[in-house]
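Working notes, beginning with the structure itself.
In full-length UniProt numbering, the protein residues as written are 1 to 309.
See the structure below:
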């Protein structure tokens, strides 16, 4: 298989290396102390120099190697030449060695859409909550999230200066997910992870309706999905608009690759076609197991509040 890997596997292998490069950029900007923060729509919606540089690097690197793939990034940036040292040409060899799932073997570049969040958890990044920060690259085909890469630039940062920083998790539907140890919360425990900076009454009512034994409030959609697959949380509940397609595409693919599920609060799947609107208007509900239980617990008042989708 490795002689001539399918386009989708080559794209995932590139996305892996590109995400690692973006993670290095994110670390470098932090260590420089010059974050270059601007407010986009308000104090909870920030953009930093790291967001801008990481997105330029990701989009330029992927579009150079895969010119026909549609790439949609979070940051609204001007088209301009990117310096050569921002381009990542590497591909993860371990991914190229894997067999492509049969249904994706014949996919062409122009059928694929890539959703990019160059720095998920920007607010937390500016506040030093570095374990919340991720780089997200999702790959969609036919409106469905089929592959994803999550880089955690500061993984292990609490271990001090001797630690190797960063790790990259990846997955493809029908193949599995790699780079972490899959664990589950004990069946008799319900632990809900939810937003730390975008809460409101609807979000709180919905979380409480799940009757959780514990609630974890953290930043970053990618970070919350990692909590699900590493057995720290049973459900990710966010009953509010705010999350966008680039927040959920990559993480959803990884979650689905290990048997989990991500939907809106009504239990309906999100679509990732190029022309789709970017906002996940009907909230996000993600679980590793027992998705139907959590959907059934969503209060009617919450569904009414989200009906606008």
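Cβ coordinates follow ideal geometry from the N, Cα and C atoms, glycine included. Predicted model only: the values in this text are computed from it and were never measured.
Query                                                                                                                                                             : Result
Using CA atoms only, rank isn't needed, just tell me which of 271, 102 and 130 is closest to residue 175.                                                         : 102
Residue range of the beta strand (DSSP E) that residue 73 falls in?                                                                                               : 70-73
Any idea which residues DSSP pairs residue 230 with across the strands?                                                                                           : 183
Residues in its own chain within less than 8 Å of residue 180 by CB, not counting five upstream and five downstream?                                              : 167, 169, 226, 229 and 230
Given residue 207, which residues of its chain have a CB within under 7 Å of its CB, disregarding the five upstream and five downstream residues?                 : 192, 194, 215 and 237
For the beta strand (DSSP E) containing residue 117, list its first residue and its last residue.                                                                 : 112-120
Can you tell me whether residue 9 is helix, strand or coil according to DSSP?                                                                                     : helix
Pull up the distance between the alpha-carbon of residue 28 and that of residue 267, whole angstroms please.                                                      : 40 Å
With three or more C-beta pairs closer than 8 Å as the rule, is the region 256-265 touching the region 283-299?                                                   : yes
Compute the Euclidean distance between the alpha carbons of residue 209 and residue 286, then round it to the nearest angstrom.                                   : 15 Å
Between the region 70-79 and the region 12-25, can you find at least three pairs of beta-carbon atoms closer than 8 Å?                                            : no
Along the chain, which unbroken stretches of the alpha helix (DSSP H) at least 4 residues long are found entirely within the region 97-166?                       : 122-127
Closer than 6 Å by C-beta to residue 241: which residues in its own chain qualify, once you throw out the five before and the five after it? Chain order, please. : 279 and 281
Counting only runs of 4+ residues fully inside the region 13-37, write out the alpha helix (DSSP H) ranges in chain order.                                        : none
Let me confirm a value: residue 42 is counted as buried when at least 16 other C-beta atoms fall within 10 Å, else exposed. Which label applies?                  : exposed
By the 10 Å Cβ neighbour count, where 16 or more other Cβ atoms means buried, how is residue 4 classified, buried or exposed?                                     : exposed
Write down the C-beta distance between residue 92 and residue 252 rounded to the nearest angstrom, noting that I regard them as a contact closer than 8 Å.        : Actually they are not in contact, since the Cβ atoms of residue 92 and residue 252 sit about 21 Å apart, beyond 8 Å.
With three or more C-beta pairs closer than 8 Å as the rule, is the region 217-226 touching the region 181-191?                                                   : no
Helix, strand or coil, according to DSSP, for residue 265 in the structure here?                                                                                  : coil
According to DSSP, which residues form a beta bridge with residue 46?                                                                                             : 39
Since residue 214 sits in a beta bridge, which residues does DSSP pair it with?                                                                                   : 191
Could you give the distance in angstroms between the alpha-carbon of residue 62 and the alpha-carbon of residue 162?                                              : 32 Å
Cutting at 6 Å between CB atoms, please list the residues of its own chain near residue 74, excluding the five before and the five after it.                      : 117 and 246
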